[in-house]
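Structure first, commentary second.
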Amino acid sequence: MEVLAVLNLGDFAQAFSKMGMFPVFDLAYYIVSILYLKYEPGSVEVSRRSPVASWLCAMLYCFGSYILADIMLGSSPIDYFQHNSHILLASAVWYLIFYCPLNLFYKCVAFLPVKLVLVALKEVVRTRKIAAGVHHAHHAYHHGFFIMVIVGYVKGSGVALISNFEQLLRGVWRPDTNEILNMSFPTKASLYGAILFTMQEAHWLPVSKSVLILVFTLFMVTTKVFMTARHSHGSPFALIESWTCHLLFGSPLGGGEDDHHHAAAAAPSSPLKTKEELSEGVRKRKAKKAE
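Every letter in the sequence shown is one number past the one before it in the UniProt record's numbering, and letter 138, counting from 1, is 138.
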C-alpha cells in the first residue's frame, strides 16, 4: 500500500473509475461490436434484404449484455432502450458501417491501427460493465455471490452468450458455435473478472474497487490489443486451465484447446475465425457481391 501511495496510483485509479464512458468509449464499443457483426457470414446480405433484421442484430451486438442481465434480474428486457442517445449513436454506427458509400467508414475503422485503438477503448467499457453488473447484483442479492458472478459475467460477455438467438435473426442456426461450449478469451476473461469483482465486493480482496478496475482494464486492453494485432485466438489462461482441468477433471493436458483448434479447422466459417482472420480481399469481394 505504501507503493501505491508513492505512485499516487490510488488517486489516479479513483479518477479513472469515475471517468464517463459516453460518448467516446461507448462509440468505440459500438463500432467494434458492429464491425464484428459485419464479419459474420450473411450479415451483409441480410442488411440488403432486410434492414430491420440487420438493425436488430446490431442492437443485440451492442446491448445484448444489458438485455440478458435485465432478464436475469427480473427487469424488462427493453429497459435499456429508454436511453435514446445510446440507441441513436449505435444506430448511426450501424448505418455507416453497412450503408456508407464506397464502404468508406468501414474501411477506416477496419484499418488495423485505428481498429487497435477502438479495441482498447472497448475493453475499458467491458471492465466497467463487469464491475457495474456485480455491483447491481450485490444490491439486489446482498449475499448472493454466485448471482453476482453470473450477472457480472453476462454484462461482460455481451452478445456472445446469446449469439445463437442473434443468428436466428440472420436466418442462421449453428448450435455448435455456442459460446459456453467454445469460450473465447473475452468470455473467459469476463468470467474471471466477475469472480474478482465479486470477491472485492465481498471484501475478500485487499484492494479498492477503483484500483481493481484500473488493473483489470490494463490487463484486458493489453491482452486484447496484442491478440488483435497478431490475429491470435489463443488465451493467456490456456496453460493454467489445461493443468487445472487435468488435475480436477482428469482431462488430457491441452485437450480442451486442441479440440477447440480442431473444431475451428473443421469449420473455417465459424464466427470466431470469421471475425478476425478473414483477409481484406475476401471482405472486399463479399461487399462487392452484396452491392
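Just so it is clear, CB atoms sit at the ideal spot from N, CA and C, and this is done for glycine as well.
Best match in the options for proximity to residue i [C-alpha to C-alpha]
i	options	result
Gly20	Leu112, Ser208 and Val124	Val124
Ala58	Glu40, Phe226 and His233	Glu40
Cys62	Glu45, Ile71, Leu88 and Pro51	Leu88
Glu179	Leu161, Trp173 and Val172	Leu161
Phe16	Lys209, Gln200, Val225 and Phe226	Lys209
Tyr36	Ala189, Leu205 and Phe98	Phe98
Gly193	Arg126, Thr222 and Lys115	Arg126
Thr223	Trp243, Ser184, Trp204 and Glu201	Ser184
Asp176	Ser163, Phe249 and Leu96	Ser163
Gly74	Met220, His136 and Leu247	His136
Ala189	Ile130, Phe146, Gln200 and Phe165	Ile130
residue 298	Arg128, Phe226, Gly133 and Glu45	No statement about residue 298 is possible, as the shown extent of the chain runs from 1 to 291 and does not include it.
Pro186	Val172, Leu196 and Met220	Met220
Gln82	Cys100, Tyr66 and Tyr95	Tyr66
Met227	Ala69, Val119 and Lys38	Val119
Residue i, buried or exposed, once every other Cβ within 10 Å from all chains shown has been counted against 16
i	result
Met148	buried
Asn84	exposed
Phe111	exposed
Ala140	exposed
Val93	buried
Val24	exposed
Asp26	buried
Ser232	exposed
Ile152	According to the sequence as given, residue 152 is Gly; it is not Ile. By the neighbour-count rule (16 or more Cβ atoms within 10 Å), Gly152 is buried.
Gly250	exposed
Val114	exposed
Leu212	buried
Ala28	buried
Val117	exposed
Collapsed DSSP secondary structure at residue i in the structure displayed
i	result
Ile78	coil
Ser269	Since pLDDT at Ser269 reaches only 41, below the 50 mark, its modelled position is unreliable, and no value is offered.
residue 316	Nothing can be reported for residue 316: it is not among the residues displayed for the chain, which extend from 1 to 291.
Tyr141	coil
Cys62	helix
Met72	helix
Asn178	coil
Asp258	The predicted position of Asp258 is uncertain, since its pLDDT is 40 and thus under 50; a value taken from the coordinates is nonetheless stated next. Three-state DSSP puts Asp258 in a helix.
Ser50	coil
Phe12	helix
Ile87	helix
Glu40	coil
residue 292	Coverage of the chain is limited to positions 1 through 291, which leaves residue 292 absent and any answer about it impossible.
Residue i CB to nearest heavy atom of the ligand NAP below 7 Å
i	result
Glu241	Among the components of this structure there are no ligands whatsoever, and the ligand NAP is therefore not found.
Requested in this report: Scan the segment 180-214 and note each continuous alpha helix (DSSP H) run of 4 residues or more that stays entirely inside, going in chain order.
Outcome: With a minimum length of 4 residues, the continuous alpha helix (DSSP H) runs that stay inside the segment 180-214 are 185-201.
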